[in-house]
Structure formats: structure tokens, C-alpha cells
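Below is one structure, written out as C-alpha cells; comments come after it.
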Amino acid sequence: MKLYYSPGACSLAPHMVAREAGLALDLEKVDIATKRTERGADFRAINAKGNVPVLELDNGEWLTEAPAIMQYLADMKPERELVPRNGSMARYRLQEWLGFINSDMHKSYSPLFNPATSESVRAEKRETLQGHYAFVARHLASQPWLMGERFSAADAYLFTVTNWAPHVGLDLSGLTPIVAFQQRAGGRPAIREALQAEGLLQDMPA
Ligand SMILES: N[C@@H](CCC(=O)N[C@@H](CS)C(=O)NCC(=O)O)C(=O)O
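So that you can map any letter, position 88 of the sequence shown is 1079 in our numbering, and since no number is skipped, the others follow by simple counting.
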């Protein structure tokens, strides 16, 4: 299998899930501005939507959308319990988190990376994100991970998007459970391996 990724982008979340699951994964870097891969392929021919992540399966099929890819990878190693069993209520709870992180949190960050976004829209998106993080912090005040006592794919995704906060002027230092979550997740060996492989470890506390 191969993951098309861009360093530190949302593709980091499935990358972390693969490492947490102990799955072997080839990586191919994508320049999301030029839509070329590091091997010179036209990325739009791989994903017409032009976005990372894309997972290339061993049969050549391509799977897109971070929540689908994370669940696909985690389901390959059920014994690692990175997602609850399919069909269980807990699985829908996990999907509830993935949906919230994907459509509410991730997509509130996206305009903050666009240089054309006006200052008033930036302020509005930061305020929206502060509200989302206050909601998440209430959950993490009494449990280490989004799903309770066990690290899950949702935590890999939350860690990935929260890593963007300092790059877009979003100050989360007042939300102690979020700060503690980032440190806890960032200390996991598999997550450090993924950060290292994407050349990001120097950005993280030791
Ligand atoms: N709905 C997609 C969105 C993925 C997405 O937004 N990817 C960003 C990086 S985090 C991207 O590749 N953007 C390309 C661009 O801005 O041109 C998913 O959840 O996987």
C-alpha cells in the first residue's frame, strides 16, 4: 500500500494510524500547489479532487477521504483496536468524532492557510475553532482520549489538525486539556515515527 501525503497535512492522520496499526506503508510526497508527486506523476490523475490523502491499495485501487482511509487501515488490524468493531454503537461514536473533526474543525482551518483569506474571515474562523476546541476540551477534561481510555483513529486526526494551530495564529494555551492531549499524543512512539518520516519532529517538544 502507498499513502500519497503532504508533510503535516491531514494525510498525517492516516499515516499515524498505519504506524499505530503496525502496517507497512510506502509514502509518496505530493506538492499540493503544483499537483505533482515526488515521482513526477500528475496527482489529479490519481485524485481528481486534488487532495491528499490518497491510499493506493495493492490491487491499484485508490481510496480517498481521510475518515474512510483511517477506518480502512485500522480495520486491517482489528487487534490493535484503533477503531471499535464495525456495527457497534462505539463505532458510530468514533464516526461522530471523525465527522466533527473533518467537516467542522479541519474545514474551519482550511481558509486560514489560504493567503487570499481576508482578516475578518480569519478572525471568524479562529473564533469558530475556539468554540470547537472548548467543546472538545470538555470531553478531554475527564478522559485521556476522545473515545475514553483507548487511543483511536479520532485522536490521530485531532492531533493532526491541532498541530496546525500555531501556524495559523490560533492560541489554544488556555485550554489545558487540549495542551495536555497534544503532549500525550505527541509522545506516542508511532506518532513520533510518523512525524519523523514526514520531517516534522523538530517542530515537536521532546
Ligand atoms: N475531504 C478531504 C479533504 C482533504 C484536504 O483538505 N486535503 C488538503 C490538505 S489537508 C489538500 O490536499 N488540499 C489541496 C489544496 O488545497 O489544493 C478529506 O477529508 O480527506
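The beta-carbon is built from N, C-alpha and C at its ideal position, and this holds for glycine as well. For clarity, every value in this text was computed on a predicted model and none was experimentally measured.
Heavy atom of ligand 1 within 6 Å of residue i beta-carbon
i, result
"residue 1043", "yes"
"residue 1056", "yes"
"residue 1093", "yes"
"residue 1012", "no"
"residue 1000", "yes"
"residue 1023", "yes"
Helix, strand or coil at residue i [DSSP, three-state]
i, result
"residue 1043", "coil"
"residue 1152", "helix"
"residue 1167", "helix"
"residue 993", "strand"
"residue 1201", "Examination of residue 1201 is not possible in this model, given that the chain is present from 992 through 1197 alone."
"residue 946", "Since the displayed the chain opens at 992 and closes at 1197, residue 946 lies outside it and no answer follows."
Start-to-end residues for the beta strand (DSSP E) that takes in residue i
i, result
"residue 1021", "1017-1022"
"residue 1085", "Residue 1085 -> not in any beta strand (DSSP E); alpha helix (DSSP H) instead, spanning 1080-1090."
Exposure label - residue i; buried when at least 16 CB within 10 Å
i, result
"residue 1158", "exposed"
"residue 1143", "buried"
"residue 1118", "exposed"
"residue 1028", "buried"
Residue i: first and last residue of the uninterrupted alpha helix (DSSP H) it sits in
i, result
"residue 1136", "Taken as a continuous stretch (DSSP letters only), residue 1136 belongs to no alpha helix (DSSP H), as it is neither H nor E."
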